[in-house]
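Enquirer: Numbering (this note's numbering), first residue to last: 88 to 789. Built from N, CA and C at the ideal position, the CB exists for glycine as well. The structure displayed is predicted, hence computed values, not measured ones.
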């Protein structure tokens, strides 16, 4: 009972990164390239602002919160050692006003060779006393005059004071002395707030532009898909379930939109963010950066393992969802049969089994994510611990500033966010790639009846229909028609009868050019149907089918089908000729009456009369009736027979008949058997033969 739709198709998954498909998809973004490039530029700016936040924190800590200087006792260096020191590090030193002492900023200690730094500390050439530098612009003379002996004055007029002494001052004096630091921290805080505001505004612009592009792309793809769908031959729709085609235009397009909206934005932003983080880490301290990179192979391996497990789990989940969809589609359609035979419990049990499969598949996917995400958090914490261990030692040995360590921790935590984002979007990428593959596979399908490059049509259509040596097979192994030849002259009414499967409806399909014959030619007014424009051909050949399809909307719209050349007068004329006007006028709103999806408010006979009016609205020269009276009551059949007589008087008419009583007045009757015309003539002539037609009549009477 399960249909094909939903199983194999939904079980297929695309590669999360299929560059051929992405390249083809990018063609739809090309018309909006300026918008996309603007969005990418905004992404780079947003990334810059995000990367700047930890670095600004570093500046605030090192330059303003923990600003420190140390005295270098150059006198402890002897001989050439002092000369070498000045050559290597002299540019880092600041001298006292009397040029008797040298001092170095804490931030410049990282520029010293680690071995030299360790040696200078051991020999106390680099003193351990932390000094605070007071700029010459700070008016602290009154506060410092009592401590003058503990103050070092530099050659630029600034002063250095021991932190121990500074901390002994009253709080208000400390704030006055460190007013530049307070202002610096306030400025950094203001810049941080401005960066966050700018990032918010730019994120809004980026999101809006990408959504704008995505919606337009999806609109273009959806329109192209529907245009492509309408150009396909009937054979295509016989081979593809309706649900699958609807999925192409709805769900698959939405999957693409979700990927563009959620994944592309994230991937581009995360790519720039990762590159930026790596660059900043190497700039801050390449040794510590390399230590933190030790975990990258493990993270990469874990991500590959996760992608494999997630792909398999997602495949199973999609397969079970497809089973549920197929099950529900079939059961809801056949609910009347289920209730009629009281099979509700059986169907409930069957649905419960499928639903449980879906539950198990969902739990499997949850377990994959439940393991991966905490493990990634564990790696993130381990990376932070590694940085604190290694970087903390560097801070203690003055080879790394505390601000740099804090920034490192911030960047490492930021580094894992893109990895988590990409992992979380993995399913979306897989689903979208599968949808993209199916969409382009559909676009590449070539099951259409082509229009001629240079259509040919007579200036005035008379309705002369000719079948000449026609052979046809839906499948090559099973021919349906064998060398069929006949013609229907203008104004003539020809009926076609025969047992089920004899090829009657196939002749109709060839006349409407739903298919092209394998051999032979069908002509209208002496012109090969393959040389006619399809729209012009079907304007002149109208078909009334046994199964009437009613669109949601009002009755008038179902007759005109949106054709602008059919006005109210033409609608009324077509309805009158089809004997449908009487029941239409009985409706409360007449032609404006809403008849609902499928025309559920109309009887079978009324729907059939409506289909006659629809066929006549364009005033065709050839009218084909395919079993048009097989599903109606005797009264409606009488109305239809009257309508057929009226219509046939002015048109070429081809009738495929199930009830032989409806075709006795036909000018000619063709009798088909196993794809061949075995008899033809009037009703009386065929009855007198006592062969196939006669036997069919006898069977109907019995």
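Can we say the stretch 584-604 touches the stretch 497-514, given the rule of at least three CB pairs closer than 8 Å?
Expert: The answer is no - the stretch 497-514 does not touch the stretch 584-604, with fewer than three Cβ pairs under 8 Å.
Enquirer: What did DSSP end up calling residue 682 once you bin it into helix, strand or coil?
Expert: In this structure, residue 682 counts as coil in the three-state DSSP scheme.
Enquirer: What are the start and end residues of each continuous beta strand (DSSP E) run of 3 or more residues lying completely inside the stretch 160-244, in chain order?
Expert: Taking only runs of at least 3 residues, the beta strand (DSSP E) segments lying wholly in the stretch 160-244 are 180-182, 189-192 and 218-221.
Enquirer: Compare the Cα-Cα distances from residue 612 to each of 550, 595 and 597 and report the closest residue.
Expert: Here the closest residue by C-alpha is 550.
Enquirer: Taking its Cβ as the centre, do 16 or more other Cβ atoms sit within 10 Å of residue 374, making it buried, or is it exposed?
Expert: Exposed.
Enquirer: Provide the residue(s) that pair with residue 629 in DSSP beta bridges, ordered along the chain.
Expert: DSSP lists 710 as partners of residue 629.
Enquirer: Please name the residue, chosen from 755, 319 and 217, that lies closest to residue 529 on a Cα-to-Cα basis.
Expert: Nearest option by C-alpha distance: 319.
Enquirer: Relative to the ligand FAD, is the shortest distance from any of its heavy atoms to the C-beta of residue 543 smaller than 7 Å?
Expert: This structure lacks the ligand FAD; in fact it carries no ligand of any kind.
Enquirer: Rounded to the nearest angstrom, what separates residue 503 and residue 562 at their Cα positions?
Expert: Straight-line Cα distance between these residues: approximately 57 Å.
Enquirer: Checking the sheet assignment: what are the DSSP bridge partners for residue 558?
Expert: Beta-bridge pairing links residue 558 to 606.
Enquirer: Could you check if residue 137 is buried or exposed, using at least 16 other CB atoms within 10 Å of its CB as the buried criterion?
Expert: Classification for residue 137: buried.
Enquirer: Would you list the one or two residues that DSSP bridges to residue 565?
Expert: 562, per the DSSP bridge assignment.
Enquirer: If you check the beta carbons only, do residue 682 and residue 627 fall under 8 Å apart?
Expert: Not a contact, by the Cβ cut-off of 8 Å.
Enquirer: Hey, residue 711 and residue 741 are a contact pair by Cβ (cut 8 Å); roughly how many whole angstroms apart?
Expert: Rounded, the Cβ-Cβ distance is 5 Å, consistent with contact.
Enquirer: Which runs of the beta strand (DSSP E) spanning at least 3 residues fall entirely within the stretch 699-783, listed in chain order?
Expert: Within the stretch 699-783, the complete beta strand (DSSP E) runs of at least 3 residues are 709-713, 739-743, 755-760 and 763-768.
Enquirer: Have a look at residue 576 and residue 755 and give me their C-alpha separation to the nearest angstrom.
Expert: Computed Cα separation, rounded: 11 Å.
Enquirer: I need the DSSP call for residue 619, collapsed to helix, strand or coil.
Expert: Looking at residue 619 - three-state DSSP - the assignment turns out to be coil, as it is neither helix nor strand.
Enquirer: Express the C-alpha separation of residue 290 and residue 118 in angstroms, rounding to a whole number.
Expert: Distance between the alpha carbons of residue 118 and residue 290 is about 23 Å.
Enquirer: Have a look at the DSSP bridge pairing and note the partners of residue 535.
Expert: According to DSSP, residue 535 bridges with 319.
Enquirer: So what does DSSP say about residue 574, is it helix, strand or coil?
Expert: In the structure shown, residue 574 sits in a strand (DSSP, three-state: E or B).
Enquirer: Specify the secondary structure class of residue 265 as computed by DSSP and reduced to three states.
Expert: Residue state, collapsed to three classes: coil.
Enquirer: Is DSSP giving residue 597 helix, strand or coil here?
Expert: Three-state result, residue 597: helix.
Enquirer: Quick one: is residue 729 buried, meaning 16 or more other Cβ sit within 10 Å of its Cβ, or exposed?
Expert: By the neighbour-count rule (16 or more Cβ atoms within 10 Å), residue 729 is not buried but exposed.
Enquirer: Keeping to the same chain, check which residues put their C-beta closer than 7 Å to that of residue 292; ignore five residues upstream and five downstream.
Expert: So the list reads 129, once near-sequence residues are dropped.
Enquirer: Under DSSP, the alpha helix (DSSP H) around residue 122 begins and ends at which residues?
Expert: Taken as a continuous stretch (DSSP letters only), the alpha helix (DSSP H) holding residue 122 covers 120-146.
Enquirer: Would you please state the rounded distance, in angstroms, between the beta carbons of residue 637 and residue 673? I believe it to be under 8 Å.
Expert: Wrong, their Cβ atoms sit about 18 Å apart, outside the cutoff.
Enquirer: When you compare each of 294, 618 and 377 to residue 477 by their alpha carbons, which one comes out closest?
Expert: Here the closest residue by C-alpha is 377.
Enquirer: How far does the alpha helix (DSSP H) with residue 461 in it extend, from its first residue to its last?
Expert: Counting along the chain, the alpha helix (DSSP H) containing residue 461 begins and ends at 431-483.
Enquirer: Alpha carbon to alpha carbon, what distance is there between residue 510 and residue 390?
Expert: Residue 390 and residue 510: Cα-Cα distance of roughly 8 Å.
Enquirer: Should residue 605 and residue 573 be called a contact, given that it needs their Cβ atoms to be closer than 8 Å?
Expert: Not in contact: residue 605 and residue 573 (Cβ atoms no closer than 8 Å).
Enquirer: Could you have a look at residue 689 and say whether DSSP puts it in helix, strand or coil?
Expert: Correct three-state label for residue 689: coil.
Enquirer: Which residues in the same chain have their Cβ closer than 8 Å to the Cβ of residue 60, if we skip the five residues on either side of it in sequence?
Expert: With the chain covering 88 to 789 only, the question about residue 60 has no answer from this structure.
Enquirer: Quick one: using the 10 Å Cβ neighbour count with 16 as the cut-off for buried, is residue 239 buried or exposed?
Expert: When all chains shown are included, residue 239 counts as buried.
Enquirer: Tell me the rounded alpha-carbon separation between residue 778 and residue 624.
Expert: Distance between the alpha carbons of residue 778 and residue 624 is about 37 Å.
Enquirer: Residue 275 to residue 358, Cα distance in whole Å?
Expert: Roughly 27 Å between the two C-alpha positions.
Enquirer: In three-state DSSP terms, what is residue 286?
Expert: Reduced to three states, the DSSP call for residue 286 is helix.
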